[in-house]
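These protein sequences, in sequence, are chains A and B.
Heads up, the first sequence is in this note's numbering, so the first residue is 239 and it goes up one at a time.
Heads up, the second sequence is in this note's numbering, so the first residue is 219 and it goes up one at a time.
Shown next, in structure tokens, is the structure this report addresses.
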Amino acid sequence: MIVIIDYKAGNLTSVARAVSHLGFRCEISQHIGKIALADRIIIPGVGAAGSAMSNLRMLGLDKAIRQAYAEGIPILGICLGSQIIMEVSEENQAGCLGLIPGFVQRFPNPLNTSEGDRLKVPHMGWNRIIRCRSHPILEGIDPKSEFYFVHAYFPKPEFQDSVIAITDYGISFPSAVGLKNLIAFQFHPEKSGRPGLKLLENFCTWDGGYAE
Amino acid sequence: MLSKRIIPCLDVREGKTTKGIKFKNNVDVGDPVEMARFYYEAGADEIVFYDITASYEKRNIMIDVVRRVAETIFIPFSVGGGIRTVEDMRAVLLAGAEKVSVNSAAVRRPALISEGAKAFGSQCIVLGMDVKRVSKSKKIPSGYEIVINGGRTYTGIDALAWAQEVEDLGAGEICLNSIDADGTQEGYELALNALISERVGIPVIASGGAGTPEHIYEVLTKGRTDAALVASMVHYGTYTIEEIKSYLSNRGVKVRSVW
């Protein structure tokens, strides 16, 4: 069973609908027992890092996620879920799960294109990802595919080998990060049409193994 | 770099779309779920639904439509029309919409925007504004006035001042509809779109007047908007989303071309 972690961070039904549409069984849950038995785990979420982390801790889910990660269970972070897996976030100076060394930073202000045009923050809409290394999760994805983003912060891993893909928006920022059995997207695969569904399908069949 | 978005807009009354699409195959053109699926597969970047159901009792029909759309398409979509309270917003978002759009109700009670942004995040809150060209005056220095009730009621509110206020209140996006251009298919109101887009820090969706891909090109470049709403020009089969995007791409506008 795929468990989508409910820690009161936004609407989780869209992730569940996409996974069900692909024919995989999933359950939205906030129970430690369910998470301990999960075959794979999805950490979704929109909102602020500070309140997300305090909800996770209050529910005891931070420990459950660390445990699952240590056991090699495939884990997918989405949007805020790709940020709270880092060590610390600039947003609310929140201490996070620390599964990947590094921090979470905000887009610089002002943010400009190379031609000097002012860019809006949050970064909202469709953009490409440029892969930095091969990963089973990116198999079958056309490099010209675009994904739907809505965010003002992004993960910044300490080590380059945790950066799976980057995206250009005034600056280049990590849009897919991963380490061992953990993969995370700053964009929303569940709202990114067919290529997004393909990524979710890849995750739902991934064994958590990853060798460069 | 971010792509410019092309967004079909569907008017829904009591669970049925008011304008069908001219399909080649026999799809139920009155069904908003089928229309959403059609545009999703045709490469729309987002879809907007306006619920124009007049009777309050029949509004729950829309929630069922939203739920079925959310099971069918996997791109963002927004729902507007008749949203007056945070509870109205919650119902639509829980049914699976990515965003809600508020218009007249926010003019009557601007706190609705900040309440919605606080409860669900700014990215969920689209502020729809209907605008009419008027002569410039002390009260309306931009020469564009906010109107409500489908353009029948003038509010005395300057469109530029309102756009800046809704941004401060926490709106995540503005859908800017020119009542003068709406339905003409003669092009978007470029001056209005440029004025608002340049003066706010949130994305602006141009609405009203699209008839050709060139109109869309103009509003995304000269009008400086982030997205363009389209209705009749795609519903009646005059152009496909793909034709619009390939036109824009050939003229150097970045659009999402693989889906």
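No residue lacks a Cβ here, since even glycine has one placed at the ideal position from N, Cα and C.
Can you tell me where the alpha helix (DSSP H) with residue i in it begins and where it stops?
| i | result |
| --- | --- |
| GLY346 of chain B | Per DSSP, GLY346 of chain B belongs to no alpha helix (DSSP H); it is in the beta strand (DSSP E), 343-351. |
| PHE441 of chain A | 431-443 |
| ILE434 of chain B | 431-439 |
| HIS259 of chain A | 251-259 |
| LEU349 of chain A | No alpha helix (DSSP H) holds LEU349 of chain A; DSSP gives it neither H nor E. |
| PHE256 of chain B | 250-260 |
| SER450 of chain B | 450-453 |
| ILE459 of chain B | 459-468 |
| GLU179 of chain A | The structure shown does not extend to residue 179 of chain A, since chain A spans only 239 to 450, so no value can be given for it. |
Which residue from the options puts its Cα closest to that of residue i?
| i | options | result |
| --- | --- | --- |
| MET253 of chain B | B:VAL452, B:ASN411, B:VAL437 and B:ALA409 | B:VAL452 |
| ILE375 of chain B | B:CYS227, B:ILE414 and B:VAL349 | B:VAL349 |
| PRO294 of chain B | B:ARG326, B:LEU330, B:VAL325 and B:TYR257 | B:TYR257 |
| VAL471 of chain B | B:PRO431, B:ALA335 and B:ASP249 | B:PRO431 |
| PRO282 of chain A | A:SER258, A:GLY310, A:VAL241 and A:LYS272 | A:VAL241 |
| ASN365 of chain A | A:SER413, A:PRO374 and A:ASP355 | A:SER413 |
| LEU228 of chain B | B:SER450, B:GLU259 and B:MET219 | B:SER450 |
| ARG469 of chain B | B:ALA446, B:LEU438, B:ILE459 and B:GLY455 | B:LEU438 |
| PRO395 of chain A | A:ILE379, A:GLN424 and A:HIS389 | A:GLN424 |
| SER252 of chain A | A:ILE266, A:LEU349 and A:ALA287 | A:ILE266 |
| GLY363 of chain A | B:ARG231, B:TYR372, B:VAL230 and B:ALA446 | B:ALA446 |
| VAL297 of chain B | B:MET307, B:VAL473 and B:SER396 | B:MET307 |
| ALA381 of chain B | B:SER340, B:GLY419, B:GLY369 and B:ARG327 | B:GLY419 |
| ILE243 of chain A | A:PHE392, A:GLY378 and A:ALA290 | A:ALA290 |
| GLU377 of chain A | A:ALA308, A:LEU437 and A:VAL257 | A:LEU437 |
| LYS357 of chain B | B:ILE366, B:LEU378 and B:ARG370 | B:LEU378 |
| CYS334 of chain A | A:ARG304, A:ILE402, A:ILE273 and A:MET239 | A:ARG304 |
| GLY314 of chain B | B:LYS336, B:ILE224, B:PHE267 and B:ARG302 | B:PHE267 |
| GLY339 of chain B | A:ALA286, A:CYS317, A:ILE273 and A:SER410 | A:ALA286 |
| PHE292 of chain B | B:GLU316, B:ARG302, B:GLU275 and B:VAL310 | B:GLU316 |
| SER322 of chain B | B:ARG442, B:MET219 and B:VAL384 | B:VAL384 |
| CYS370 of chain A | A:ILE311, A:GLU328, A:GLN321 and A:SER410 | A:SER410 |
| GLU232 of chain B | B:THR271, B:ARG255, B:ALA288 and B:ILE225 | B:THR271 |
| GLY446 of chain A | A:ILE313, A:ILE402, A:SER292 and A:ASN249 | A:ILE313 |
| ALA335 of chain B | B:ILE224, B:THR303 and B:THR402 | B:THR303 |
| LYS440 of chain B | B:GLY405, B:TYR274, B:SER464 and B:GLY455 | B:GLY405 |
| LEU417 of chain A | A:ALA308, A:ASP380, A:ASN249 and A:LEU250 | A:ALA308 |
| ALA403 of chain A | A:GLU329, A:ASN419, A:ILE375 and A:GLY261 | A:ILE375 |
| ILE338 of chain A | A:ALA332, A:TYR391, A:ILE379 and A:ILE421 | A:ILE421 |
| VAL342 of chain A | A:PHE262, A:ASN249, A:ALA390 and A:MET239 | A:ALA390 |
| ASP406 of chain A | A:GLU325, A:PHE392 and A:SER372 | A:PHE392 |
| ILE397 of chain B | B:SER415, B:GLY369 and B:ARG417 | B:GLY369 |
Let's see if you can read the secondary structure: which residues bound the beta strand (DSSP E) around residue i?
| i | result |
| --- | --- |
| GLU265 of chain A | 264-267 |
| MET362 of chain A | 361-366 |
| GLY378 of chain A | Taken as a continuous stretch (DSSP letters only), GLY378 of chain A belongs to no beta strand (DSSP E), as it is neither H nor E. |
| ASP355 of chain A | Note, ASP355 of chain A: premise wrong, no beta strand (DSSP E); not H, not E. |
| ASP229 of chain B | 223-231 |
| VAL401 of chain A | 401-407 |
| ALA422 of chain A | 420-423 |
| VAL342 of chain A | 340-344 |
| ASP376 of chain B | 371-376 |
| LEU314 of chain A | 313-316 |
| GLU363 of chain B | 362-366 |
| LYS394 of chain A | 391-395 |
| VAL241 of chain A | 240-243 |
Run down chain D in chain order and give the residues with a C-beta less than 7 Å from the C-beta of residue i.
| i | result |
| --- | --- |
| GLU316 of chain B | Judged by its chain identifiers, the structure shown contains no chain D, and its protein chains are A and B. |
Contact residues within the stretch 361-391 of chain B, judged by C-beta distance below 8 Å to chain A: GLY390 and GLU391
Under 7 Å (Cβ pairs) to chain B, residues found in the stretch 385-406 of chain A: TYR386, VAL388 and ASP406
Contained alpha helix (DSSP H) runs [length at least 4] in the stretch 393-427 of chain B, N- to C-terminal order: 408-417
Cβ pair count under 8 Å reaching 3, the stretch 382-389 of chain A against the stretch 429-447 of chain A: yes
Ordered list of beta strand (DSSP E) runs contained in the stretch 263-337 of chain B, each at least 3 residues: 265-269, 295-298 and 317-320
Under 9 Å (Cβ pairs) to chain B, residues found in the stretch 349-370 of chain A: THR351, ARG356, LEU357, LYS358, VAL359, PRO360, HIS361, MET362, GLY363, TRP364, ASN365 and ARG366
Any beta strand (DSSP E) of 3 or more consecutive residues that is wholly inside the stretch 265-301 of chain A: 278-281
Three CB pairs or more closer than 8 Å across the stretch 257-272 of chain A and the stretch 318-331 of chain B: no
Residues within the stretch 335-353 of chain B neighbouring chain A, beta-carbon criterion of under 9 Å: PHE338, GLY339, SER340, GLN341 and CYS342
Meets three-Cβ-pair contact criterion under 8 Å: the stretch 338-357 of chain B and the stretch 388-405 of chain B: yes
Chain B contacts made by the stretch 267-287 of chain A, where a contact means CB separation under 7 Å: VAL284 and GLY285
Stretch pair the stretch 299-316 of chain A + the stretch 344-363 of chain A: three plus CB contacts closer than 8 Å: no
Interface positions of the stretch 277-302 of chain B facing chain A (Cβ-Cβ less than 8 Å), listed along the chain: ALA288, GLU289, PHE292, ILE293 and PRO294
Contact residues within the stretch 288-318 of chain A, judged by C-beta distance below 8 Å to chain B: none
Members of the stretch 460-476 of chain B that neighbour chain A once the beta carbon cut-off is set at 9 Å: VAL473, ARG474, SER475 and VAL476
Residues, ordered as in the chain, of the stretch 403-425 of chain B that lie near chain A by beta-carbon distance below 7 Å: GLY419, ILE420 and PRO421
Chain B contacts made by the stretch 239-257 of chain A, where a contact means CB separation under 9 Å: GLY248, ASN249, THR251, SER252, ARG255 and ALA256
Contacting positions in the stretch 429-444 of chain A - beta carbon closer than 8 Å to chain B: LYS429, SER430, GLY431, ARG432, PRO433, GLY434 and LEU435
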